[in-house]
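Here the protein sequences line up with chains A and B, keeping their order. The opening position of the first sequence corresponds to residue 84 in the working numbering, with each subsequent residue numbered one higher. The opening position of the second sequence corresponds to residue -11 in the working numbering, with each subsequent residue numbered one higher.
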Amino acid sequence: MSTQSLPAPDLTTRRAPGLGGFNVTVLGLEIRRMLRNRRTLLFTMVLPVVFFLIFGLNSQYANQRAGHGNVSAFIMISMALYGGILATTSGGAMVSIERAAGWSRQLRLTPLAPVAYIAIKMLTALVLGLGSVVAVYVVGMLTGKPSMPGYLWLVTGLCVWVGSLVFAAFGLFMGYLLPTENVMQILSFALVLFSFGGGLFIPLSQFPHVLQTIAEFTPLYGLNQLVHAPLLGVGVHVAWAANAIVWLAIFAGGATWRFRKDTARV
Amino acid sequence: MTVTNVRYERGPGRAGSGQPLAIALRGVHKNFGSVEAVKGIDLDIASGEIVAFLGPNGAGKTSTIDIILGLSRPTAGEVSVFGMAPRQAIARGLVSAVMQTGGLLKDLTVAETAQYTASLFAHSMPVGEVLKRAGISGIADRRVGKCSGGEQQRLRFAMALLSDPELLILDEPTTGMDVEGRRSFWGAIRQDAAMGRTVLFATHYLEEADAYADRIILLRHGEIVADGTSSEVKALAAGRTVRATLPDADEAALRAVPGADSIEVRGDTVLVHSSDSDAVARYLLTNTPARDLEINTRGLEDAFIALTSDDNNIDGSHPGASR
């Protein structure tokens, strides 16, 4: 045995990364991973398009006015919102696979802050959401039924896309909370419930009064009102924005909390 | 085999002279419900040491490692890594770990996984160089899901090297590897440790601890039962038993024989466990009327089991306790 001496390590040169480890390399790699998952990509684009083709093309709707456009445009926005939240929820919920693989535990051994990771995952899920919204709008345009001024296509599309961020956080939270095997079954069911509660499939005015009151507190209510406001030309209620922001905070906070706790070995 | 032992200077007066310990645990306890996994561990590991945590499953190795890595909080006691909280040391890239299983994404390639990990640190080594050092530059474009167990373990090792950590922790890193894979994996670790990294690894293979660590900490039921150099612990664990017929044995006199670790008197028979069985035999044959003398070697494995099982009859002294 021989012993040699080395200088002691200099610990002063070491520092933690900025932004809690948030960086574009990881964002890029996460987006690439997401796009490799063709099945989810296709599913979240096709389903809302099919719904639009079923519900949005009634010839009466093309002639019925809704604010600055027609009812067909109104339904197109609804279905794009449904597609957007389906896509971002699925994108977020993919963390359940990572969790099962012990990836979150691995990340806890790096400087990456939970908040930074949740932000990266939400932005990644938004990419999936974009595909869904664009698919519905392109198909809508091709059918020629929805009608609204050109700028409203852009404004409402953007509102839907950005709004679907709330459900990226929802998907992440649930992905960390629920068992991997059946997370998507549970979430698909939850999204349908939320969609009814938000008035996405049936106008809330057709509900009994008590249900309407309850519905106003469900996570899709505020978002659904907000994304249709530009088309209907109505003012934005503070309650709508509050609904969306509070649910976003709950879901994102919950996801961060669960990620922080997810240190179990697999 | 030639073992090169690299240590940082730790001359007299060096203690407390500014260089913090790589790991310092003080009275660390960890309970899971009513189960006590760690029952009061005090431990100092200096920079540059290569230390093995040796013990059977359930000895508390993994629970202790999780506490050092900041993955779990001790129920009681204090932990510091390079003089700071574990989480801070990790954020600065000072500590990394190679886990036994998991921790990889199947849908990324080997190179992507390394890029991903590297990008999270403020300071990291070039990905290409690290892959080469871990011996996986040839499979950089392979999806992780298509890599063999050994290749995945090398990738985990590469990921741990990316931040150029001062302390590398390996939790049973070779479980499930074949002999050849194990040897080449340790070869890579050894090579790396020669550059002055502090290494702490958990294992339940005695040979691994013996061959690769310069200090062995033996754990049993969440407590340290032995702590010393490989040869010190081996002497404790792997000595011989001298058995002789000796009526009316004088236990106190036997205890005074150099090298006698433990004495047992069963009627006319005495059993002396010793790291220097020759001296004991010489004493018995020349200074006492002992006859029918036998010397039995206990296998390393048996000794290890004896040390870490419930009813061992070895005096549980800590050869390195004065450290």
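Using N, Cα and C, we set each Cβ at its ideal position, and we do this for glycine too.
Cβ pair residue i, residue j closer than 8 Å
i	j	result
T346/A	L59/B	yes
L156/B	A102/B	no
V321/B	T52/B	Since the first residue shown for chain B is -11 and the last is 311, residue 321/B is missing from the structure and cannot be characterised.
V109/A	I203/A	yes
S60/A	L283/A	What the structure shows of chain A is the stretch from 84 to 349, and residue 60/A is not part of that stretch, so it cannot be assessed.
L169/A	L82/B	no
A298/A	Y304/A	yes
M205/A	A252/A	yes
A40/B	A197/B	yes
F250/A	R341/A	no
Chain B within 8 Å of residue i, Cβ atoms only
i	result
V154/A	no
G254/A	no
P194/A	yes
T95/A	no
G185/A	yes
T346/A	yes
A99/A	yes
Short CB-CB distance (under 8 Å) between residue i and chain A
i	result
H192/B	no
L272/B	no
E37/B	no
D95/B	yes
G21/B	no
Y200/B	no
T63/B	no
A102/B	no
T52/B	no
T89/B	yes
A99/B	no
S107/B	yes
Own chain residues within Cβ distance below 6 Å of residue i, not counting five before or after
i	result
L315/A	G150
G48/B	A25, V26, L207, G210
D256/B	T233, P235
A122/B	R142, F145, A146
G223/A	M159, P229
G152/A	S230, M231, L314
P302/A	F277, W330
R316/B	What is shown of chain B runs -11 to 311, which leaves residue 316/B out entirely.
M128/A	G214, S215, A218
Spatial distance of residue i from residue j (CA atoms)
i	j	result
L235/A	V216/A	14 Å
S322/B	Y193/B	For chain B, the structure presents residues -11 to 311; residue 322/B sits outside this window and is missing.
A10/B	D249/B	33 Å
S247/A	L192/A	31 Å
A34/B	A148/B	20 Å
R121/A	G280/A	30 Å
V167/B	T191/B	15 Å
H261/B	A182/B	36 Å
G246/B	R188/A	Correcting the residue type first, residue 246/B is Pro in the shown sequence and not Gly. C-alpha separation (whole angstroms): 51 Å.
V86/B	I328/A	40 Å
I251/B	R203/B	27 Å
L130/A	L158/B	47 Å
A338/A	Y165/A	22 Å
V258/B	E220/B	24 Å
A244/B	T276/B	14 Å
S88/A	G90/B	Residue placement at S88/A is poorly supported in this model, since its pLDDT is 47, which falls under 50; the coordinates are not used for a value here.
Beta-carbon proximity list for residue i, same chain, < 7 Å, skipping 5 on both sides
i	result
I283/B	R228, V230, S265, A269
V67/B	L13, V16, I55, I56, P74
I137/A	none
8 Å CB neighbourhood of residue i in its chain, flanking five on each side removed
i	result
M267/A	S173, A176
R61/B	I55
G65/B	L13, R14, G15, V16, H17, G28, I29
F173/B	G138, Q141, R142, F145, P161, T162, M165
Minimum Cβ-Cβ distance from residue i to chain E less than 8 Å
i	result
Q141/B	No chain E appears in this structure, whose protein chains are A and B.
Which of the residues in the region 101 to 131 of chain A, read from start to end, lie with their CB under 7 Å from any CB of chain B?
Going along the region 101 to 131 of chain A in chain order, one finds G104, N106, T108, V109, L112, R116, R119 with a Cβ nearer than 7 Å to chain B.
With 9 Å as the C-beta to C-beta threshold (strictly closer), list the residues of the region 231 to 265 of chain A near chain B in chain order.
Within the region 231 to 265 of chain A, no residue qualifies.
Can you list, in chain order, the residues of the region 156 to 186 of chain B whose Cβ is nearer than 7 Å to any Cβ on chain A?
So the list reads G184, given in the order they occur along the chain.
Counting only Cβ-Cβ distances shorter than 7 Å, please list the residues of the region 70 to 83 of chain B near chain A, keeping chain order.
Along the region 70 to 83 of chain B, the positions whose C-beta sits under 7 Å from a C-beta of chain A are F70, I78, A79, R80, G81, L82, read in chain order.
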